[in-house]
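Structure, as structure tokens:
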Amino acid sequence: MSGEVIYNRIAMLRAERGISRRQLADALGVHYQTIGYLERGEYSPSLYLALKIAEYFEVAVEVVFSTAPFPRIGAEKAG
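Just so you know, we're using full-length UniProt numbering here: the sequence shown kicks off at 1 and counts up by one.
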């Protein structure tokens, strides 16, 4: 039985805003390696941490996290 996978856009949101893993970790009160684990899908956040991450980026939690893979950028319908 495989574990539950939570997909996320943390790396994309960080890149858009020019925020390092360490800066995000410091703002959230977690170790910077935790951010790496989250981004690679090696660790699923607690509900509290997921909400804190969404709050930090000022977006809905569904913008950051999903139980299904996010569509690739540019993969939207072409005409």
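In this text, a Cβ means the ideal position worked out from N, Cα and C, and glycines have one as well. None of these values were measured; they are calculated from a predicted model.
From the DSSP output, in three-state form, read off residue i for me.
i	result
Y32	helix
E16	helix
A25	helix
V61	helix
I73	coil
E42	coil
Looking only at its chain, what residues have a beta carbon closer than 6 Å to the beta carbon of residue i, apart from the 5 residues adjacent to it on each side?
i	result
Y32	R21, R22 and A25
Taking DSSP's pairing of strands, which residues face residue i in a bridge?
i	result
S66	Y7
Please work out which residues of its chain come closer than 8 Å, Cβ to Cβ, to residue i, disregarding the five sequence neighbours upstream and downstream, and give them in chain order.
i	result
F57	L13, R17, V63 and V64
What do you reckon, are the CB atoms on residue i and residue j nearer than 8 Å?
i	j	result
L47	I10	no
Identify, in the order they occur along the chain, each residue of the same chain with its Cβ nearer than 7 Å to the Cβ of residue i, setting aside the five sequence neighbours on each side.
i	result
F70	Y7 and R9
Inset, instruction - Examine the Cβ distances between the segment 22 to 34 and the segment 51 to 70 and report whether three or more of them are shorter than 8 Å. - result: The segment 22 to 34, when compared against the segment 51 to 70, does touch it at the 8 Å Cβ threshold.
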